[in-house]
Amino acid sequence: MHVPQLLQQRFMDALSEFTDQADQYAAMIRATSDPKHGDYQANCAMPLAKHLNDGRNPREVASMLVARLELDDLCEPPEIAGPGFINLKLKESFLTTTLQQILGDERCGITQVKTDKSIVIDFSSPNVAKPMHVGHIRSTVIGDSLARTLGFLGYPIVTDNHLGDWGTQFGIIIYGYKHFGDEATVAADPVTELAKLYRIVNQLVEYQKAIKSLPRLRQAIEDAKQAVSLARIDVENADSKQQKKAKKAVSATERRLLGAEANLASAEEKISNIDQDPDLGPRAKEHDSIDTDVLEETAKLHRGDEVNLSLWNRFLPHCKDEINRMYNRLDIHFDHTLGESFYHPMLAKVTSKLEQLGLASDSDGALCVFLPEFDAPMIVRKQDGAYLYATTDLATLEYRLNEFNPAEILYVVDTRQSEHFDKLFAVADHFGLKDVKLVHVNFGTVLGEDGRPMKTRSGSLIGLESLLNDAVERAKEVVCNPERLSGFTPPMETEEQQHIAEVIGIGAIKFADLSHHRTSDYRFNLDKMVALEGNTSAYVQYSYARMQKILQNANVNDEDVAALVREHGLEFTHIAERNLVLQLLKFEEALHNVHKDYAPNHLVDYLLDTAKAYSRFNDNCHVIKAESQAIRSTRLAIVVQCKQTLAKGLNLLGIDVVSRM
RNA sequence: GCGCUCAUAGCUCAGCUGGAUAGAGCAACGGACUUCUAAUCCGUAGGUCGGAGGUUCGAAUCCUCCUGGGCGUGCCA
């Protein structure tokens, strides 16, 4: 049920007498911000009066529209207010009949979109062999939620995890295996051992890079110092008009200096940490060209070196096992996992096609696509002949167009890569790929409490697994403490407690992430997201549990309630009932808003509003002690529908529910 | 330098293609429990929507400039 759409159709009929752009004006219907203006408002009279320009003011235009509107079956008589708003209040009979129609419907009354064309969603895309960390949350959670939501709306969905399975990280573990690995240990527990090898080699590589960067970092400090003093001289010489600008330049250079000093300090710390490590210190001395050697291992792999290729073939499944463990825990699954390696054989064809089309040309030995709207070209082949991710992305795009018949392809990727996608889409345009909508579903950074990108104390990224463990542990402390559990019958066994903690904890992380608009950065605060009061998943999940309990106490199931409604009918006796039912009928709007902006936070807002409306209902409208059978049936129906909606909504966010907590 | 992006209540954040008195949660204060699990509800207080112009009947929203952050910027992804 999409109420605004229903109203729009009626408005179209009335509007078509006045304009041939009726759809545009009909679209100006939205929910009111204040219930005293009714449930929905049409804002089309003001712009239409201007468009008609026949001397009639907006209020007159509004009343002409109202006279031609046929809304009797849906609404109370419309009211014209303010400069020309048309306020619409839904009839109680409309609300009750609609509720009865959708009661018990698994789709919550949502219309199924009919289309053959798919939506391809590219998300998560971690580098295998590298532990997943906090930076992977957003793409994974947002992408999964979009896949679920758009899929539920009826679009055929193709999810694809574009794994980084062909890059330097494999050079790292191959090097690690050759130099530090042990056949038997790797065979016994490949996942753990490979992760360990990755960690060791990566640290040694970082060490070498840090050492080599020292002169450059020191020079940067000198340069910055000089820039500061030059800028200060400028201030002295500047006339009053230029003072401000000159001072700004000083503070800019001072910031640059501070940054340069911080970079040096962090490099020096990295170095001294390794030097002092009894295990890594000596190894670092021994493998002093490890940074370039690792790249050579990668290059050999790409050239088809037999040893490295066989190691890659042997290690890759274990790396996938590792990330799949995480996906299983998050309840996230993909239709395809076509990583970079899958496209490797197609890259030469991509570049030659670009050359044939005259799009790519040689520049300094690299193959580049120059685009008029960008300063820097898109490089598709390096001087050394290696391909880049731009090349892979083009091959991927071509493959998807051929295989998946997409109407849209969504790339759920960090906003810092937006320029890359701008270029990619521009080149795709020149390729002649016009009838597919390519969208970079960009998102911001997860920040720590200090407002800086989230890191551990030692400066490394926080592992995803430990993050989930922390959340589950916190959830258990708050939800499954003895004080709360004492009242439950039957008592809650350890197993159920653990399950609840997992559902609440993981849900909290997903919900917190999805509750922010994807394009903004947000501060990660575990205590707040797992807290049980406020705008949290637990609040919604708890509402659900309360509803389950009511139905249990009333000793009815969904079918029983439907039968009761058929027998006793539906009637509202409290405003909280009407408000909640109206809210339940807005589910479809919320889902379409998610699609429109590719922004799951609209669904989160909707669920919080719904849970809040339920809390008010719950406070004011006792179900079991209701005064009459009709009132009781009505309230049971509301509970059933609300429970269904919240569970479905959470499910579309990738969040589970529990029947008691 | 150029490009992108952000600035909303003490804090964390919403605010849909321009719509009526800018919202929520947390924190603060005051109420409501013989409870269908109070993890709740009701109320109070709190904002020159970074600043200045402009477009409009109407601007947090669109445009320009300014201030202050963040990010990106030819061979990593």
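Its first residue numbered 0, the first sequence is counted upward by one per residue in numbering that gives the first Met the number 0.
Backbone N, C-alpha and C define an ideal beta-carbon position, used for all residues, glycine too.
Euclidean distance between Cα positions of residue i and residue j
{"i": "K509", "j": "H621", "result": "33 angstroms"}
{"i": "A419", "j": "A389", "result": "Sequence check: residue 419 is His here, not Ala. Rounded to the nearest angstrom, the two C-alpha atoms are 8 angstroms apart."}
{"i": "L196", "j": "L484", "result": "44 angstroms"}
{"i": "D143", "j": "G653", "result": "7 angstroms"}
{"i": "N327", "j": "L569", "result": "43 angstroms"}
{"i": "G357", "j": "T391", "result": "19 angstroms"}
{"i": "G528", "j": "D608", "result": "Note on identity: in this sequence residue 528 is Met, with Gly being the wrong assignment. Their backbone Cα atoms lie some 17 angstroms apart in a straight line."}
{"i": "G163", "j": "F341", "result": "10 angstroms"}
{"i": "D421", "j": "T395", "result": "16 angstroms"}
{"i": "A375", "j": "T167", "result": "24 angstroms"}
{"i": "A507", "j": "A500", "result": "10 angstroms"}
{"i": "I331", "j": "P125", "result": "14 angstroms"}
{"i": "S117", "j": "Y386", "result": "29 angstroms"}
{"i": "L606", "j": "V539", "result": "7 angstroms"}
{"i": "R9", "j": "A589", "result": "21 angstroms"}
{"i": "E448", "j": "A562", "result": "52 angstroms"}
{"i": "E402", "j": "V65", "result": "50 angstroms"}
{"i": "H573", "j": "V564", "result": "17 angstroms"}
{"i": "A677", "j": "G108", "result": "The requested residue 677 does not occur in the structure, where the chain is confined to residues 0 to 660."}
{"i": "L193", "j": "V603", "result": "39 angstroms"}
{"i": "V656", "j": "Q547", "result": "11 angstroms"}
{"i": "N666", "j": "S288", "result": "In this structure the chain extends from 0 to 660, so residue 666 is not present and cannot be described."}
{"i": "I31", "j": "N42", "result": "The sequence as given places Thr at residue 31; Ile does not occur at that position. Approximately 11 angstroms between the Cα atoms of the pair."}
{"i": "E221", "j": "T455", "result": "30 angstroms"}
Endpoints, the beta strand (DSSP E) within which residue i is located
{"i": "H439", "result": "436 to 442"}
{"i": "T407", "result": "It should be pointed out that residue 407 corresponds to Glu in this sequence rather than to Thr. Here the beta strand (DSSP E) through E407 covers 405 to 413."}
{"i": "R217", "result": "First-last for R217: 189 to 236, but that is the alpha helix (DSSP H), not the beta strand (DSSP E)."}
{"i": "T158", "result": "156 to 159"}
{"i": "A359", "result": "359 to 362"}
{"i": "L366", "result": "365 to 368"}
{"i": "A80", "result": "78 to 80"}
For residue i, the first and last residue of its enclosing alpha helix (DSSP H)
{"i": "Q643", "result": "628 to 651"}
{"i": "N86", "result": "Not the alpha helix (DSSP H): N86 falls in the beta strand (DSSP E), residues 84 to 87."}
{"i": "I378", "result": "Not the alpha helix (DSSP H): I378 falls in the beta strand (DSSP E), residues 377 to 380."}
{"i": "Y613", "result": "600 to 619"}
{"i": "R473", "result": "463 to 478"}
{"i": "D596", "result": "586 to 596"}
{"i": "R282", "result": "279 to 285"}
{"i": "D320", "result": "305 to 329"}
{"i": "D691", "result": "The question about residue 691 has no answer, for the chain in this structure spans 0 to 660."}
{"i": "A425", "result": "417 to 430"}
{"i": "A385", "result": "Premise fails: A385 is in no alpha helix (DSSP H) and is neither H nor E."}
{"i": "T350", "result": "346 to 355"}
{"i": "M45", "result": "44 to 51"}
{"i": "E576", "result": "574 to 583"}
{"i": "F341", "result": "339 to 342"}
{"i": "M63", "result": "57 to 67"}
{"i": "A561", "result": "557 to 567"}
Contact check, residue i vs residue j, beta carbons under 9 angstroms
{"i": "I141", "j": "F442", "result": "yes"}
{"i": "L466", "j": "F151", "result": "no"}
{"i": "N160", "j": "G450", "result": "no"}
{"i": "E75", "j": "I85", "result": "no"}
{"i": "Q634", "j": "A625", "result": "In the sequence as displayed, the identity of residue 634 is Arg instead of Gln. Going by C-beta atoms, R634 is nearer than 9 angstroms to A625."}
{"i": "D274", "j": "V249", "result": "no"}
{"i": "E354", "j": "S360", "result": "yes"}
{"i": "M660", "j": "A544", "result": "yes"}
{"i": "Y666", "j": "V440", "result": "No answer is possible for residue 666: it lies beyond the span of the chain, which begins at 0 and ends at 660."}
{"i": "H132", "j": "L463", "result": "yes"}
{"i": "Y541", "j": "L579", "result": "no"}
{"i": "V127", "j": "C318", "result": "yes"}
{"i": "V200", "j": "Y154", "result": "no"}
{"i": "S658", "j": "F333", "result": "no"}
### Query
Touching or not, the stretch 279 to 295 and the stretch 201 to 214, by the rule of three or more beta carbon pairs under 8 angstroms?
yes
### Uninterrupted beta strand (DSSP E) stretches inside the stretch 510 to 554 (no shorter than 3 residues)
none
### Query
Would you say the stretch 509 to 528 touches the stretch 585 to 602, given that touching needs at least three Cβ pairs under 8 angstroms?
Touching, per the Cβ criterion.
### Query
Per the contact definition of three or more C-beta pairs closer than 8 angstroms, is the stretch 48 to 60 in contact with the stretch 25 to 38?
no
### Query
Okay, do the stretch 170 to 185 and the stretch 256 to 263 touch, 3+ Cβ pairs below 8 angstroms being the bar?
no
### Query
Taking the runs of the beta strand (DSSP E) that are 3 residues or longer, which of them lie wholly in the stretch 1 to 40?
28 to 30
### Message
Does the contact criterion of 3 or more C-beta pairs under 8 angstroms hold for the stretch 471 to 482 versus the stretch 630 to 647?
### Response
no
### Query
On the three-pair Cβ rule with 8 angstroms, is the stretch 546 to 560 touching the stretch 85 to 94?
No, they do not touch.
### Segment contact, 8 angstroms Cβ cut-off, at least three pairs: the stretch 209 to 216 with the stretch 180 to 189
no
### Continuous beta strand (DSSP E) assignments of at least 3 residues falling wholly in the stretch 99 to 173
For the stretch 99 to 173, whole beta strand (DSSP E) runs of length 3 or above, ordered along the chain, are 117 to 121, 156 to 159.
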